[in-house]
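Report on the structure given below.
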Amino acid sequence: FIVSGKAKAIPGMVPKLIALLGLGAAQGLVGWWMVKSGLTEDPNVYKDPRVSPYRLAAHLTAALCLYSGLVWTGLTALNPNRMLIPNIAVRRMRSVGLLSVLFTGITFFSGAFVAGNDAGHAYNDWPKYAGKWIPDELWDSSLEPGWRNVFENTATVQFDHRNFAYTTALVVLGVIGTAKSPTVWKDLPKHGRLSFYALGAALATQVSLGICTLMMFVPVSLGATHQAGALVLWTTALYSQHALRYIR
């Protein structure tokens, strides 16, 4: 893309592409750093190699940054010109739309700790936790300092991920509802409307996948599908935000 000279036709594109190349190289280093943590675990403690959940989350975050940069840059290359829409309500949707990206990202990040702690293999009933609305082991006083519960306690990690997911679902539905309001929807471009339909479909699919994955004790195939669903949801959130970002 750079060599062909097409990138030069879009202002600021070449530096972005170079930055993405740098992120790709950094992702390889972060991946090695993560895997290295699994090679030092005591085989008498864990039957299978386990990587650090902190490093797993760092690796996921780096990958998500790289992927987001690629998606955003690709969308910009496809639609380099901003649309002029004299509707203040549509332009204000940018700030509202950011909420869907923010909460989806937080839930995605918390999922790394669910995977890193094998938290999906506990409390496999829904919507309760072993028959209770709040798990008994929510706070382990033996973990010092206490904040480690948020990232290392199986009960806390799953409790947080579930509630982040609920919050994300409500936020995304609120964003879609705002977009569907008559003052906004009538002036949204066609691809903008499509992005919100895709966002709603991705949300419904991902929520269903999450519940099924948990209640079926996280089979590998379903767990991988749930992770893929999270990426699809993230992509549609980016897509909807990009559609709003390029309106002035």
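Here our numbering = 1-based position in the sequence shown + 187.
Don't be surprised by glycine CBs; every beta carbon is placed ideally from N, CA and C.
Quick caveat: nothing in here was measured; it's all calculated off a predicted structure.
For residue i, the three-state DSSP class (helix, strand or coil)
i, result
"residue 188", "Only weak support is given to the placement of residue 188: the predicted model assigns it a pLDDT of 46, under 50, and the question is left unresolved by the model."
"residue 310", "coil"
"residue 315", "coil"
"residue 363", "helix"
"residue 266", "coil"
Other residues of its chain near residue i: CB distance less than 6 Å, five sequence neighbours each side excluded
i, result
"residue 294", "351, 352, 355"
"residue 306", "341, 344, 345"
"residue 213", "none"
Rounded C-alpha distance that separates residue i from residue j
i, j, result
"residue 453", "residue 367", "Absent from the model: residue 453. The displayed extent of the chain is 188 to 435, so no value can be given."
"residue 319", "residue 340", "17 Å"
"residue 266", "residue 349", "36 Å"
"residue 277", "residue 388", "22 Å"
"residue 218", "residue 275", "44 Å"
"residue 200", "residue 255", "15 Å"
"residue 406", "residue 396", "12 Å"
"residue 292", "residue 357", "14 Å"
"residue 297", "residue 365", "27 Å"
"residue 422", "residue 404", "27 Å"
"residue 188", "residue 246", "Below a pLDDT of 50, predicted positions are generally treated as unreliable, and residue 188, at 46, falls in that range; the measurement from the model is reported next regardless. Approximately 27 Å, taken between the alpha carbons."
"residue 328", "residue 322", "14 Å"
"residue 191", "residue 211", "Summary for residue 191: the model assigns pLDDT 47, below 50, so the residue's position carries little reliability, and this model does not support an answer."
"residue 242", "residue 374", "44 Å"
"residue 226", "residue 376", "51 Å"
"residue 222", "residue 408", "22 Å"
Nonlocal neighbours in the same chain, by C-beta distance under 8 Å from residue i, ignoring five residues either side
i, result
"residue 309", "341, 342, 345"
"residue 393", "413, 416, 417, 419, 420"
Chain-order list of residues whose beta-carbon lies under 7 Å from that of residue i (same chain, five-residue window excluded)
i, result
"residue 436", "Absent from the structure is residue 436, since the part of the chain shown begins at 188 and ends at 435."
"residue 259", "425, 429"
Residue range of the unbroken alpha helix (DSSP H) whose run includes residue i
i, result
"residue 336", "335–339"
"residue 379", "377–402"
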